[in-house]
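Presented below is the structure to which this report refers.
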Amino acid sequence: MSSISISFSFSFSISSSSSPSPPDPVHMAEACDAAVPYILLGFLLPGGAAAPAPPGGSAFLRAYAARVTNALLWAALLAVTFLLVRRLAGLVKLWIKGSQIPGPSSTPFFGRGDLVAACGSGADLSGYLSKLHHKYGPIVRLWLGPTQLLVSVKDTGLINEVLMKAEDKLPLTGKAYQLAFGRSSLFASSFEQVKKGRESLAEYLNAKLDERTNLNLVKVVETILGRVDSIMAKGFLDCRVFAQHIAFYILGATIFGEAFLDWPNSTMYEELLMMVAKDGCFWASCKVPPFWSVGYWRYHLLCAKLKHLTREIVQLYRCNYSTATQDDLKKCTGTQQVGEEIRMESTSLLNNVISGSFIQCDIDGYLCSQEEPCGNILGLMFHGSLAIASLIGGVITRLVLHPELQGKLYSEIIATRKRNSQLETSDVQNMQLLLSTVYESARLLPAGPLLQRCSLEHDLSLKSSITLPAGAILVVPLQLVQMDYSIWGNDACEFNPCRFLSKATGLKDGNSEIHESGKRPFVRDPNKNAAFLPFGSGTRACVGQKFALHSISRVLAYLLQNYEIRLQPGVSGEPKPTMDDCILQLLPSPKIVLKRRTEQ
Numbered sequence: 120m121s122s123i124s125i126s127f128s129f130s131f132s133i134s135s136s137s138s139p140s141p142p143d144p145v146h147m148a149e150a151c152d153a154a155v156p157y158i159l160l161g162f163l164l165p166g167g168a169a170a171p172a173p174p175g176g177s178a179f180l181r182a183y184a185a186r187v188t189n190a191l192l193w194a195a196l197l198a199v200t201f202l203l204v205r206r207l208a209g210l211v212k213l214w215i216k217g218s219q220i221p222g223p224s225s226t227p228f229f230g231r232g233d234l235v236a237a238c239g240s241g242a243d244l245s246g247y248l249s250k251l252h253h254k255y256g257p258i259v260r261l262w263l264g265p266t267q268l269l270v271s272v273k274d275t276g277l278i279n280e281v282l283m284k285a286e287d288k289l290p291l292t293g294k295a296y297q298l299a300f301g302r303s304s305l306f307a308s309s310f311e312q313v314k315k316g317r318e319s320l321a322e323y324l325n326a327k328l329d330e331r332t333n334l335n336l337v338k339v340v341e342t343i344l345g346r347v348d349s350i351m352a353k354g355f356l357d358c359r360v361f362a363q364h365i366a367f368y369i370l371g372a373t374i375f376g377e378a379f380l381d382w383p384n385s386t387m388y389e390e391l392l393m394m395v396a397k398d399g400c401f402w403a404s405c406k407v408p409p410f411w412s413v414g415y416w417r418y419h420l421l422c423a424k425l426k427h428l429t430r431e432i433v434q435l436y437r438c439n440y441s442t443a444t445q446d447d448l449k450k451c452t453g454t455q456q457v458g459e460e461i462r463m464e465s466t467s468l469l470n471n472v473i474s475g476s477f478i479q480c481d482i483d484g485y486l487c488s489q490e491e492p493c494g495n496i497l498g499l500m501f502h503g504s505l506a507i508a509s510l511i512g513g514v515i516t517r518l519v520l521h522p523e524l525q526g527k528l529y530s531e532i533i534a535t536r537k538r539n540s541q542l543e544t545s546d547v548q549n550m551q552l553l554l555s556t557v558y559e560s561a562r563l564l565p566a567g568p569l570l571q572r573c574s575l576e577h578d579l580s581l582k583s584s585i586t587l588p589a590g591a592i593l594v595v596p597l598q599l600v601q602m603d604y605s606i607w608g609n610d611a612c613e614f615n616p617c618r619f620l621s622k623a624t625g626l627k628d629g630n631s632e633i634h635e636s637g638k639r640p641f642v643r644d645p646n647k648n649a650a651f652l653p654f655g656s657g658t659r660a661c662v663g664q665k666f667a668l669h670s671i672s673r674v675l676a677y678l679l680q681n682y683e684i685r686l687q688p689g690v691s692g693e694p695k696p697t698m699d700d701c702i703l704q705l706l707p708s709p710k711i712v713l714k715r716r717t718e719q
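One gets our numbering by counting positions in the sequence shown from 1 and adding 119 to each.
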């Protein structure tokens, strides 16, 4: 009986194995689910293809998601670790190379505290740098924090080399410009980003010095002088505010043409520009934009309003420019070349900004996809106004303190005017005493205490075998260099405009006596002196230096021709410059009176 059952079981098993059974859907789904991860992302599961399959599809998806998340977290951790190690390696490199530069023995972690203790509550950095240079030599380093290294250079030979090699500006400067004014091709930190725009701007500003475009500046001066009478009727003038108005209208007429002189919102535009520029560096210094701050959004509202006014004056300029061009073309019966000449005569800097010299975009649009014309326009208005206003204010203050010099300048202007009915470009360039006065004022009171540069990508190897690490803040203390006794003589801290003339005696009651015998003295080119740096030097020097000096000299000539500048009557004492640790302290802004001259 048993043998029969065994044979039956055996035959049944054989028959069962020989006939195929229909597939089970449940087992098929499980087999497919188990095979998916090994085919696609088997490396995410432990054990490879030999790993047991999950009991169900939902469980597998949960495990699959967990392992993918785990892998992404590990990848993020490795990426962050790599960036931190790279950053730490850069800091170690900065510390090692920075420690090789002469300077005080403070560590990077306590540099800021040592700086505050050394400078005192006044935070006189120039005075502290003067002491460091006297102790350590022409190049010194100063730690501002673990990640900030400041290197000060005083020797003229090293200054020339550093300013030629260090082509970049500080990242905070570019960030502040972008936050306040918008994206720009003229005021970015990297030199490669602004090189082409700077070349176009320099070409245009130099072209503005020809005789054809000087009529615009004459109208600017006449407008300013016309408004002075109304201002004087209300009281006295603050010298700094008056200089700021002059500089603002010079830049406004240069960029927007004559339409800017009659624009009713020009005063509001000036106030907004100064307010936005003043707070730009503060908000740009925040590592994370403070979206929760009411002041931050209020600042953004001011920026938006400033850009709206910029678009408004751009539109006004377009209307005036289009009307003037069409009227001139209707009067012209010549060829297309004559029409092109008329168009070129009526153009202004704004055409270059919008039509493609600075920004490659359509002339009919205000904005383009890559950057805003507002950024270039506002950057030019702010940067140019700041530099020109500082220099005009310094010259006017010096003229108030030295009335004898003011009388000599007036005599020089009248003598030049007798030869011509109007002052032309060549006449202003031949006013040696006026030009030397502008140069001397720029030397004694530069626009800022420090000339800042940096190299964002590469270390700078100097001829003196000193290596300046990439990212270090490179500064030139302008007052120390421009009042160095070894360069400018024993009277380096005194106001002597005739030091730039070829033939002059020493100071006499605050003014130099010019020799009248022999050849007429000429003005030495100040740029040949490496210690003359009010407009910078090297690859990132101010491209508008010639335009600024010419405009300032021309405005001062017209101003002195029509007005006598005096101090406010009844003021106790006169503003005199003071010296503190070889640093000439800034003159206070005096209250002035403009008295119209009766004799011309």
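For every residue, glycine included, the Cβ atom is placed at its ideal position computed from N, Cα and C.
Since the model is a prediction, treat every value here as computed from it, not as a measurement.
Would you list the one or two residues that DSSP bridges to residue i?
i	result
P596	L569
V642	L620
S271	V259 and V594
Who are the near neighbours of residue i in its chain, counting only those whose CB is closer than 6 Å to its CB and skipping five residues on each side?
i	result
L425	L391 and V395
S308	D287, K288, P290 and G293
Q525	L518
F310	E286 and D287
Residue i by DSSP, collapsed to three states: which one?
i	result
R716	coil
E683	strand
A321	helix
R673	helix
V340	helix
I511	helix
L298	helix
G264	strand
K579	As written in the sequence, residue 579 is Leu, which differs from the Lys given in the question. Reduced to three states, the DSSP call for L579 is strand.
I220	coil
D357	strand
I585	coil
D287	strand
K250	helix
K710	strand
F742	Residue numbering for the chain in the displayed model covers 120 to 719; residue 742 lies beyond these limits and cannot be assessed.
V557	helix
T292	helix
N495	helix
S545	helix
G276	helix
D603	coil
Between the Cα of residue i and those of the options, spot the shortest distance and give me the residue it belongs to.
i	options	result
I711	N495, H419 and D357	D357
R673	F651, W607, A307 and T535	T535
G256	S583, D644 and T717	S583
L579	V270, L191 and G222	V270
G513	I585, G246, Y558 and Y529	Y558
S504	F410, L593 and F361	F361
G217	E576, L524 and W262	W262
A667	L499, F306, E311 and K314	L499
R572	N646, G590 and L324	G590
L277	P596, A198 and Y247	P596
S530	G345, L679, C405 and E318	L679
E389	V662, L581, G371 and W607	G371
Q548	D243, V642 and T275	V642
N119	Q601, I684 and N609	The structure shown does not extend to residue 119, since the chain spans only 120 to 719, so no value can be given for it.
C438	V662, F375 and L213	F375
L709	T275, F355, H252 and V272	Checking the sequence, you will find Pro at residue 709 rather than Leu. Out of T275, F355, H252 and V272, F355 has the C-alpha closest to the C-alpha of P709.
Could you tell me how far apart the beta carbons of residue i and residue j are, in whole angstroms, since I believe they sit closer than 8 Å?
i	j	result
R517	P653	Rounded, the Cβ-Cβ distance is 14 Å, inconsistent with contact.
G222	V187	G222 to V187, Cβ: 52 Å. No contact.
M387	L428	7 Å
P588	L202	With a Cβ gap of about 19 Å, P588 and L202 do not count as contacting.
V662	R317	5 Å
Within its chain, find whatever has a CB closer than 7 Å to the CB of residue i; leave out the 5 residues flanking it on each side and keep chain order.
i	result
A299	V395, A396, G399 and C422
I738	With the chain running from 120 to 719 in the structure shown, residue 738 is simply not present.
D603	A611 and A650
Might you give, ordered along the chain, the residues of its own chain that have their beta carbon closer than 8 Å to the beta carbon of residue i, omitting 5 neighbours on each side?
i	result
S555	P616, C617, R618, F619, L620 and V642
Q312	S304
Y368	V339, T342, I343, F379, L380 and S385
K212	P588
G655	L282, L570 and C661
V272	P257, I258, I278, V281, L593, V594 and V595
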